[in-house]
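For reference, the structure is listed below as structure tokens.
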Amino acid sequence: MNGSCVVIKIGGSVIRNRNKLLCLCKKIENLLEKDYKIVVIPGGGELADKIREIYNKHKIPDDLAHWMAILCMDINGIYVSGINKKFVTVESMRKCKSELNRGNVPVFLTFNFLREKDDLPKSWDVTSDSISLYVSRLLGANLILLKDVDGLYKNLKDKKKIIEMLSVKDLLKSKGMMCVDKYFPKLLSKYKMDAWVISGFHPERLEKLLKTKTTVGTCIKH
């Protein structure tokens, strides 16, 4: 993946662990020096969970909850951008590519971008996972999802062994190994793309994946 663009979605569970997030951001900064072009998209995390509570309590419309949750992603993105001077918030493809060329890490705030151009369903089936995939396709980039788990499991209650490689078809059939949103496998199949799910708590795994195209985690193949 050296020299190519990579979209890294940082899950909300990683963002809320400041020490782990600091280590991750430092690793990403170091990777810039090795000719990697990295775009960060933040998850909504605990803020989006609060929106879900409001949604369930007050029965607000799906599309309204969808946009409120995306705003939560932007808030987390602003937070992440304040951790490292190389991380710069962007709201357009033009600005994103400009910051990449300047050797920075664009942190994509997607609310305004998606309001102008959004082909995704407006429901809880679409979260930062699908949004990251959508943006990565527009950029022609690889996608890595950083989660609070080592990868995908056949059974979430038994995390002794991860699935190293999984087809999109099998992911669509499965209900027990999901740590991605419901629309993600459908979109992955439509785009004919691959994606990785790895732990955001082990930055060295991200580096290994970029260097060797393999690491501890799950590769989802289209």
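Be aware that the sequence shown starts at 0, since it is given in numbering that gives the first Met the number 0, and climbs by one per residue.
From the three backbone atoms N, C-alpha and C, an ideal C-beta is built for every residue, glycine too.
When C-alpha distances from residue 126 are compared across 160, 97, 171 and 64, the shortest belongs to 64.
Annotation for residue 67: the continuous alpha helix (DSSP H) segment containing it runs 61-80. In the DSSP annotation of this structure, the continuous segment of the beta strand (DSSP E) that includes residue 144 starts and ends at 141-146.
With a cutoff of 7 angstroms on beta-carbon distance, residue 108 and residue 88 are scored as near each other. Residue 3 is classed as exposed because its beta carbon has fewer than 16 other beta carbons within 10 Å across all chains shown. Rounded to whole angstroms, the Cβ separation of residue 77 and residue 143 is 22 angstroms, and the two are not in contact under 8 angstroms. Positions of the beta strand (DSSP E) runs, each at least 3 residues long and wholly inside the region 25-52, are given as 36-41 in order along the chain.
For residue 92, the uninterrupted alpha helix (DSSP H) run begins and ends at 92-100, by DSSP.
Take the alpha-carbon of residue 173 and the one of residue 153: they are about 8 angstroms apart. Distances from the alpha-carbon of residue 185 to those of 34, 132, 94 and 20 put 132 closest. In terms of Cβ geometry, residue 151 and residue 217 form a close pair [threshold 7 angstroms]. Residue environment analysis places residue 201 among the buried positions, since at least 16 neighbouring C-beta atoms fall within 10 angstroms of its C-beta.
Linking residue 199 to residue 137 through their CA atoms gives a straight-line distance of about 24 angstroms. In the displayed model, residue 184 falls within a helix according to three-state DSSP. In the DSSP assignment, the residues bridged to residue 151 are 162. Residue 37 is positioned such that its CB atom lies closer than 7 angstroms to that of residue 7.
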